[in-house]
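Asks:
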Amino acid sequence: MKQQLVRRILAICAAAITLWVAFSTARSTSFSDALTDVKNSGQWVCRLVQWELGDFFGTDLLSAVNVVALGQSPYLLSQRSHVVSLMAQTLLEETPVEDEQAQPEGVVQTPPISSVASDDLTFADNGVPSQTVIPSSGAYTVVGNAYIKNTSSRTLDGAALAANIHQSKLTGDGPQILIIHSHGSEAYSMPAGQEYTASGTYRTADTNYNVVRIGDEIASVLSGYGISVLHDRTLHDVPSYNDAYNSSLASVEDYLAKYPSLVYVLDIHRDAIQAADGTQYKLISQEDTRAAQCCLVMGLASDRWAENMALAIAVQQTLVEQAPTLMRPIAARGYRYNQHLPIDSLLVEVGAAGNSLDEAIYSARIFAHGFAKTLLPS
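Take the position in the sequence shown, starting the count at 1, then add 523; the result is the number in the working numbering.
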């Protein structure tokens with residue numbers, strides 16, 4: 524009897540350990556990532572709660588605390604897609620630059636901002652207050668003139684990141700870059716007389732006004748450099764916001780199967796910055812207040828995170844060299860964002876919900892010039 528009891532206890536313990544490992548490594552894409560996830564104590568508990576409330580894989584960008592809070596109110600839970608657009612990012616406060624960083628040698632120059640096409644844009648005032656996010660070295664991982672805000676559980680080594688230099692993979696053989704939109708209906712704050720038909724809070728299915736238009740602008744600039752670009756204009760967050768990343772993942776996989784020449788994918792979004800009282804903010808560059816600030820969002824829950832981060836740092840350094848505050852710090856998070864695929868991937872946030880469409884278009888053109896210059900020989 525005692526032996527049977529011992530065996531049952533051991534079997535229960537083994538089952539519990541198996542469940543713990545399964546929950547802890549559910550998002551892992553490699554053995555090394557799995558070991559890292561297992562080491563993160565308490566992580567599986569958060570995922571259990573998120574799973575119970577409908578977001579086991581963290582694809583809607585809410586933290587476990589946010590998800591638990593939503594779960595306390597059936598109304599909030601029913602309005603989850605709208606809450607996500609307001610809570611997916613914490614409000615970044617403006618901070619002064621503490622000290623200037625030495626500029627790395629050999630960085631490819633982007634065209635002066637003043638030379639980027641803007642004659643077709645009116646930049647009409649939309650009445651939204653503005654702010655500029657300027658990093659200070661204390662709270663960030665610094666690589667040359669690139670700042671990284673790391674909120675993941677992975678430790679980043681600035682020296683190691685600096686040594687991992689991205690080498691362009693452009694071959695000129697077939698389509699090279701895929702532009703896609705996991706949250707294609709994300710839109711901006713329009714000036715009076717330029718309103719769109721809304722499909723949600725700062726969202727529209729009209730691709731003349733949402734981030735699909737921003738993708739059009741980026742594709743146009745890249746094509747002008749002779750780079751072959753594919754632009755998937757599908758609204759992957761329609762009809763289901765929570766299934767957006769699964770939908771865009773399937774599309775990217777289809778493109779990779781059809782066009783093996785693809786070497787880069789850009790997932791174009793916009794951010795949402797809101798104060799505690801509900802005030803929406805636009806993000807603007809100091810060098811040219813007509814340009815919305817951009818942000819590269821990198822998922823570190825993937826065994827390809829280092830390759831993707833090397834690309835992000837290279838692009839950031841190119842653009843910061845020309846326009847120091849066009850780019851917000853790189854946001855490194857403990858999610859995947861479909862950046863586990865065998866292709867160099869960036870998630871690019873162009874402006875925020877408070878920016879006007881013209882500000883986002885102008886910024887997208889500047890970004891695209893910098894991205895092209897990063898990949899092409901000087």
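Note that the Cβ used here is the ideal one computed from N, Cα and C, for glycine as well.
Taking the beta strand (DSSP E) that A855 belongs to, which residues open and close that run?
Replies: Working through the sequence shown from its first residue, we reach residue 855 at position 332. Counting along the chain, the beta strand (DSSP E) containing A855 begins and ends at 853 to 856.
Asks: Applying the 10 Å Cβ sphere with the 16-neighbour rule, what's the burial state of P668?
Replies: Here residue 668 refers to the residue found at position 145 of the sequence shown. The sequence given here has Asn at residue 668, not Pro. By the neighbour-count rule (16 or more Cβ atoms within 10 Å), N668 is buried.
Asks: By DSSP, does Q690 sit in helix, in strand, or in coil?
Replies: In the sequence shown, the residue the question calls residue 690 occupies position 167. Three-state DSSP puts Q690 in coil, outside helix and strand.
Asks: Could you give the distance in angstroms between the alpha-carbon of A814 and the alpha-carbon of L849?
Replies: Position 291 of the sequence shown, counted from the start, is the residue given in the question as residue 814. Position 326 of the sequence shown, counted from the start, is the residue given in the question as residue 849. Those two C-alpha atoms are separated by around 7 Å.
Asks: Would you report the Cα separation of D556 and G650, rounded to the nearest angstrom?
Replies: Taking the first residue of the sequence shown as 1, we reach residue 556 at position 33. Taking the first residue of the sequence shown as 1, we reach residue 650 at position 127. Residue placement at D556 is poorly supported in this model, since its pLDDT is 47, which falls under 50; the coordinates still yield a value, given next. Cα-Cα distance, rounded: 46 Å.
Asks: Checking the sheet assignment: what are the DSSP bridge partners for L701?
Replies: For the purposes of this step, residue 701 is taken as the residue at position 178 of the sequence shown. Note: L701 sits in a beta bridge opposite L753, V788.
Asks: Can we count A728 as close to the ligand FMN, meaning its CB is less than 7 Å from some heavy atom?
Replies: As far as ligands go, the structure on display features none, and thus does not contain the ligand FMN.
Asks: According to DSSP, simplified to helix, strand and coil, what is M850?
Replies: Taking the first residue of the sequence shown as position 1, residue 850 is located at position 327. Here M850 sits in strand by DSSP.
Asks: Can the beta-carbon of G716 be found less than 8 Å from the beta-carbon of N733?
Replies: For this step, residue 716 is matched to residue 193 along the sequence shown. For this step, residue 733 is matched to residue 210 along the sequence shown. Contact flag unset, no.
Asks: With three or more C-beta pairs closer than 8 Å as the rule, is the stretch 751 to 765 touching the stretch 828 to 842?
Replies: No: the two stretches stay apart, fewer than three of their Cβ pairs being nearer than 8 Å.
Asks: Provide the residue(s) that pair with K672 in DSSP beta bridges, ordered along the chain.
Replies: Counting from 1 along the sequence shown, the entry for residue 672 is found at position 149. Bridge partners of K672: A854.
Asks: Using DSSP's beta-bridge definition, name the partner residues of Q862.
Replies: The residue you call residue 862 lines up with position 339 of the sequence shown. DSSP, once it has assigned bridges, lists no residue as partnering Q862.
Asks: Assuming the contact rule is C-beta atoms closer than 8 Å, G874 and D760 should be a hit. Round their C-beta distance to whole Å, please.
Replies: The residue given as residue 874 occupies position 351 in the sequence shown. The residue given as residue 760 occupies position 237 in the sequence shown. Wrong, their Cβ atoms sit about 17 Å apart, outside the cutoff.
Asks: From which residue to which residue does the beta strand (DSSP E) around D867 run?
Replies: Within the sequence shown, residue 867 is the residue found at index 344, counting from 1. Element bounds for D867: 867 to 875.
Asks: From R726, A662, A534, pick the residue whose C-alpha is nearest to that of G681; which is it?
Replies: Indexing the sequence shown from 1 puts residue 681 at position 158. Here the closest residue by C-alpha is A662.
Asks: Give me whichever residues DSSP pairs with V665 in a beta bridge.
Replies: If you number the sequence shown from 1, residue 665 lands on position 142. For V665, which the question treats as bridged, DSSP gives the partners Y670.
Asks: What do you reckon, are the CB atoms on V786 and K896 nearer than 8 Å?
Replies: Position 263 of the sequence shown, counted from the start, is the residue given in the question as residue 786. Position 373 of the sequence shown, counted from the start, is the residue given in the question as residue 896. No, these two residues do not count as a Cβ contact at 8 Å.
Asks: Would I737 and A887 qualify as a contact pair, given that the criterion is a beta-carbon distance under 8 Å?
Replies: Numbered from its first residue, the sequence shown carries residue 737 at position 214. Numbered from its first residue, the sequence shown carries residue 887 at position 364. Yes, these two residues count as a Cβ contact at 8 Å.
Asks: Evaluate the contact criterion for the stretch 815 to 835 versus the stretch 637 to 647: three or more CB pairs, one atom per stretch, below 8 Å.
Replies: Contact fails: fewer than three Cβ-Cβ distances are below 8 Å.
Asks: I'd like to check one pair, S879 with S712: are the Cβ atoms closer than 8 Å?
Replies: Taking the sequence shown and counting its residues from 1, the one referred to as residue 712 is at position 189. Taking the sequence shown and counting its residues from 1, the one referred to as residue 879 is at position 356. Yes, the Cβ-Cβ distance between S712 and S879 is below 8 Å.
Asks: Kindly indicate which three-state DSSP category S653 falls into: helix, strand or coil?
Replies: Counted from its first residue, the sequence shown places residue 653 at position 130. Reduced to three states, the DSSP call for S653 is strand.
Asks: Tell me where the alpha helix (DSSP H) around V843 begins and ends.
Replies: If you number the sequence shown from 1, residue 843 lands on position 320. Looking at the DSSP string, the run of the alpha helix (DSSP H) that includes V843 is 828 to 845.
Asks: I'd like the span of the beta strand (DSSP E) that includes V820, first residue to last.
Replies: Start at 1 with the first residue of the sequence shown, and residue 820 comes out as number 297. It spans 817 to 822 - the beta strand (DSSP E) in which V820 sits, taken as one unbroken run.
Asks: Looking only at its chain, what residues have a beta carbon closer than 6 Å to the beta carbon of R677, apart from the 5 residues adjacent to it on each side?
Replies: Within the sequence shown, numbered from 1, the residue matching residue 677 stands at position 154. L823.
Asks: Suppose you measure from the CA of Y817 to the CA of L533; what does that come to, to the nearest Å?
Replies: Stepping through the sequence shown from its first residue, residue 817 is reached at position 294. Stepping through the sequence shown from its first residue, residue 533 is reached at position 10. One detail in the question is off: residue 817 reads as Cys in this sequence, not Tyr. About 53 Å.
Asks: Which runs of the alpha helix (DSSP H) spanning at least 4 residues fall entirely within the stretch 760 to 809, listed in chain order?
Replies: You should have 767 to 781.
Asks: Alpha carbon to alpha carbon, how far is K672 from A855? Give it in angstroms, no decimals.
Replies: For the purposes of this step, residue 855 is taken as the residue at position 332 of the sequence shown. For the purposes of this step, residue 672 is taken as the residue at position 149 of the sequence shown. Roughly 6 Å separates the two Cα atoms.
Asks: Taking 8 Å as the limit between beta carbons, can you name the residues of its chain near T812, skipping five residues before and five after?
Replies: Within the sequence shown, the letter at position 289 stands for residue 812. Around T812: S653.
Asks: Once the 5 residues before and after V788 are set aside, which same chain residues still bring their CB inside 7 Å of it?
Replies: Position 265 of the sequence shown, counted from the start, is the residue given in the question as residue 788. Around V788: L701, I703, V775, I866, S868.
Asks: Looking at Y782: is its Cβ nearer than 8 Å to the Cβ of G697?
Replies: Residue 782 sits at position 259 when you count from the first residue of the sequence shown. Residue 697 sits at position 174 when you count from the first residue of the sequence shown. Result yes, Cβ atoms of Y782 and G697 sit closer than 8 Å.
Asks: With H, G and I counted as helix, E and B as strand and the rest as coil, what does DSSP make of R677?
Replies: Locating residue 677 in the sequence shown gives position 154, where the first residue counts as 1. Coil at R677, not helix or strand.
Asks: Just the C-alpha distance for Q803 and Q797, rounded to the nearest angstrom, thanks.
Replies: For this step, residue 803 is matched to residue 280 along the sequence shown. For this step, residue 797 is matched to residue 274 along the sequence shown. Spanning the two alpha carbons is a distance of roughly 5 Å.
Asks: Need the endpoints of the alpha helix (DSSP H) that L898 sits in, please.
Replies: As a first step, residue 898 is located in the sequence shown; it is residue number 375 there, counting from the start. Run containing L898: 880 to 898, per the alpha helix (DSSP H) assignment.
Asks: So, for R859: in the same chain, excluding its five sequence neighbours on each side, which residues have a beta-carbon less than 6 Å away from its beta-carbon?
Replies: Along the sequence shown, read from residue 1 onward, the residue named residue 859 stands at position 336. These residues qualify, in order along the chain: G822, A824, S825.
Asks: Thinking L745 and A891 are a contact (beta carbons under 8 Å), I'd like their distance in whole angstroms, please.
Replies: Position 222 of the sequence shown holds residue 745. Position 368 of the sequence shown holds residue 891. Yes, L745 and A891 are in contact; Cβ-Cβ is about 6 Å, under 8 Å.
Asks: Under 6 Å Cβ to Cβ from L870, same chain only, skipping five residues before and after it: list those, please.
Replies: To locate residue 870, count along the sequence shown from 1; it is residue 347. For L870, where only same-chain residues beyond five positions count, the Cβ hits under 6 Å are D790, V820, Y860.
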